[in-house]
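Residue numbers (our numbering): 8 to 240.
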């Protein structure tokens, strides 16, 4: 189990540095991270389901300019990992466990955003050293500063993924197990609310006067195609 948690955390941390190294290829989005973590832990379906929920909830938040959105990578990684690792031990339906895992992982996104603010402040100080090194022709120091910046981002995301999964797994299990049965059943009965909330977020983004017709046309066309394919099969 330790090896799986370590591997998942390392892969997630490597993916998280795409903005620092490649230039924002969107490979750190939940729709990539979720299925990948699910594949490593043996359940791609749960990875896709969590990824879709997280994408729907934060689909309109992108890092544009100085704005820092909630970091969805640790949320997705931890939620998928906890759900898959504990689904055989908790004795509760997977949809309810998935919602509990997502609720436990959401604060990590805000912790990640808070830490990113401080990392950017550190980057400003490092930029001054970078300019000074360039003026003095100290090119090896430039590479060192750039490498340090990438490593800090890697380390931040590794900690945000590894610590909650490895050290928080038993705590999470004990807390959920100690909850009243009625509360668990309520979460199971209301698990459809999160997809509904995500769909509402999407509608809020696309329901602009000039896009309403296109939105509803594509929506009903998708439903028609779904049932047509189902009927053909």
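No residue lacks a Cβ here, since even glycine has one placed at the ideal position from N, Cα and C. Note that the structure is a prediction, hence the values are computed from the model and not measured.
message: With distance defined between alpha-carbon atoms, name the residue in 90, 75, 191, 141 nearest to residue 41.
response: 90
- request: Could you spell out where the alpha helix (DSSP H) holding residue 46 opens and where it closes?
  value: 37 to 48
task: Please classify residue 121: is it buried, with 16 or more other beta-carbons within 10 angstroms of its beta-carbon, or exposed?
output: exposed
message: What would DSSP say about residue 32, mapped onto helix, strand or coil?
response: coil
field: Whether residue 160 touches residue 34 by CB criterion (8 Å)
entry: no
field: Rounded straight-line distance, which links the Cα of residue 187 to that of residue 96
entry: 17 Å
- prompt: In the structure shown, what three-state DSSP assignment does residue 95 receive?
  reply: coil
task: Determine, using beta-carbon pairs with one atom in the segment 145 to 156 and one in the segment 107 to 116, whether at least three such pairs fall under 8 Å.
output: no
message: Counting C-beta neighbours from all protein chains within 10 Å, is the total for residue 178 16 or more, i.e. buried, or is it exposed?
response: exposed
query: How is residue 65 classed by DSSP in three states: helix, strand or coil?
result: coil
- request: Ignore the nearest five residues each way along the sequence and tell me which others in residue 169's own chain have a CB closer than 6 Å to its CB.
  value: 16
- prompt: Applying the criterion that 16 or more other CB atoms from any shown protein chain within 10 Å of the CB defines a buried residue, is residue 92 buried or exposed?
  reply: buried
- prompt: For residue 85, which residues from the same chain have a beta carbon less than 7 Å from its beta carbon, with the 5 sequence-adjacent residues on both sides left out?
  reply: 112, 115, 168, 171, 172
- request: For residue 175, I'd like the list of residues in its chain whose CB is within less than 7 Å of its CB, leaving aside the five on either flank, ordered along the chain.
  value: none
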